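Counting from 1, position 278 in the sequence shown corresponds to residue 277 in the numbering used here; the numbering is continuous, with no gaps.
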Amino acid sequence: MVTRLGVPNPPPEGNEAASGSSTRGHMQSSPIPLRIPFLNKGYTQVLITGWICFCCSGFFNALQGLGGAGNANPSANDPANIALYACFAVFGYFGGFFFNLLGPRLLMGAGGLTYAFYAAAAYISGHIANTGWLFILAGAILGFGAGWLWTAQGALILAYAPQDRRGHYIAVFWVIFNLGGFVGGILQLALNFDTETDTASPASYFVFIAVMIMGSVAAFLLLRDPSKVVLENGSRAVIVPLKGVKEEFTGAASVILDKNMLMLFILFFGSTYFYTYVFNGVNGVLFTVRTRGLNSA
Numbered sequence: 000m001v002t003r004l005g006v007p008n009p010p011p012e013g014n015e016a017a018s019g020s021s022t023r024g025h026m027q028s029s030p031i032p033l034r035i036p037f038l039n040k041g042y043t044q045v046l047i048t049g050w051i052c053f054c055c056s057g058f059f060n061a062l063q064g065l066g067g068a069g070n071a072n073p074s075a076n077d078p079a080n081i082a083l084y085a086c087f088a089v090f091g092y093f094g095g096f097f098f099n100l101l102g103p104r105l106l107m108g109a110g111g112l113t114y115a116f117y118a119a120a121a122y123i124s125g126h127i128a129n130t131g132w133l134f135i136l137a138g139a140i141l142g143f144g145a146g147w148l149w150t151a152q153g154a155l156i157l158a159y160a161p162q163d164r165r166g167h168y169i170a171v172f173w174v175i176f177n178l179g180g181f182v183g184g185i186l187q188l189a190l191n192f193d194t195e196t197d198t199a200s201p202a203s204y205f206v207f208i209a210v211m212i213m214g215s216v217a218a219f220l221l222l223r224d225p226s227k228v229v230l231e232n233g234s235r236a237v238i239v240p241l242k243g244v245k246e247e248f249t250g251a252a253s254v255i256l257d258k259n260m261l262m263l264f265i266l267f268f269g270s271t272y273f274y275t276y277v278f279n280g281v282n283g284v285l286f287t288v289r290t291r292g293l294n295s296a
């Protein structure tokens, strides 16, 4: 993944402050206002990014935690997950290409909508016969959208975090994001408390779809253009000039040959390998639909 958001520059000191220059990167030439709007602060944008992933990816994890996305047969969503992660592997890797062309707002907003479509397809496939193809299609589309959303998330967190506060920013995001899975699991317990069947109640799907759409709307309405965001140290995010489509695609493709990136593939493979076993093979088989939500929370 190669994105055009750079590492934030430190505030100028000494003679640099007088001349307005900086020794690293290319700062934005536009002056920083004395009163910074709340939504234009880097830390605020990180909190918003966390909220978007809380609603979309976090509730997706809670839905998956039901085993088979809440369907009576946990193995029913295996083909959908195969399509999901196959597309995610491709579009996530080349997500930087789309990020540089379209920007974070469109990537996170459109990516969030694909989570809602997946949840809707999970409900339809579990309640209407011969609609398994729709669930598989939704999985493939979600793989595309998740690649967009997570590319934008990583780029924004790193770009808006001052170098000496980067760990704090990353931790704050992951706390907010994982709370989505926790809250979603508790909601599933509450919404399915009186459910006697092995399929999640329609209300639980509708609530999850609404929350995921809310996350997408937040991305479209609350995310700001990176060039207008002021960081905690008083500087602006560094924006590298956009290249042409061919140059962007070539640059993204060249990363696949990087030695360090190839070595990281081992960690990438192990990070989510256990999801299907835990969600479908354990939670979906050994627990009732009511207790799956509590267990996944």
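Beta carbons are placed, not taken as given, at the ideal position from N, Cα and C, and that holds for glycine.
Please read these numbers as outputs of a predicted model, since none were measured by experiment.
Span of the alpha helix (DSSP H), counted from its first residue to its last, around residue i
i	result
S226	Unbroken run through S226: none, as it is neither H nor E.
T43	41-52
I140	131-159
N120	The amino acid at residue 120 is misidentified as Asn; the sequence shows Ala. 103-126 is the extent of the alpha helix (DSSP H) around A120.
V281	No alpha helix (DSSP H) holds V281; DSSP gives it neither H nor E.
V206	201-221
T198	Element bounds for T198: n/a, residue is neither H nor E.
T271	Unbroken run through T271: none, as it is neither H nor E.
V171	165-190
V288	288-295
C-beta atoms of residue i and residue j nearer than 8 Å
i	j	result
G66	V229	no
L38	P103	no
G138	Y117	yes
N80	A121	no
E247	F96	yes
A61	G183	yes
T300	V281	Given a span of 0 to 296 for the chain in the structure shown, any question on residue 300 remains unanswerable.
F176	G57	yes
N70	P161	no
Proximity test, residue i beta-carbon vs the ligand ZN heavy atom, cut-off 7 Å
i	result
V182	This structure lacks the ligand ZN; in fact it carries no ligand of any kind.
Assumed close pair residue i, residue j - CB separation to whole angstroms, cut-off 8 Å
i	j	result
L101	L148	L101 to L148, Cβ: 12 Å. No contact.
A115	I212	5 Å
I135	A82	5 Å
C52	V210	Not quite, the Cβ-Cβ distance comes to about 12 Å (not below 8 Å), so this is no contact.
F207	A296	Not quite, the Cβ-Cβ distance comes to about 14 Å (not below 8 Å), so this is no contact.
CB contact check: residue i to chain C, cutoff 8 Å
i	result
S124	Among the protein chains of the structure shown there is no chain C, as only one such chain exists.
**Message:** With a threshold of 8 Å, are at least 3 pairs of Cβ atoms found where one atom belongs to the region 72-92 and the other to the region 209-222?
**Reply:** no
**Message:** If contact is defined by three or more beta carbon pairs under 8 Å, each pair taking one atom from either stretch, is the region 190-208 in contact with the region 115-135?
**Reply:** yes
**Request:** Flag this pair as touching only if the region 259-278 and the region 39-47 have three or more C-beta atom pairs under 8 Å; answer yes or no.
**Result:** no
**Prompt:** With a cut-off of 8 Å, do at least 3 Cβ pairs link the region 278-292 to the region 179-188?
**Reply:** yes
**Asked** Pairing CB atoms from the region 80-89 with CB atoms from the region 136-148, are three or more of them under 8 Å?
**Response** yes
**Message:** Does the region 243-260 come into contact with the region 164-184, if we say contact requires no fewer than three beta-carbon pairs (one atom in each stretch) closer than 8 Å?
**Reply:** no
**Those runs of the alpha helix (DSSP H) which lie wholly inside the region 54-100 and span at least 4 residues** = 58-63, 77-92
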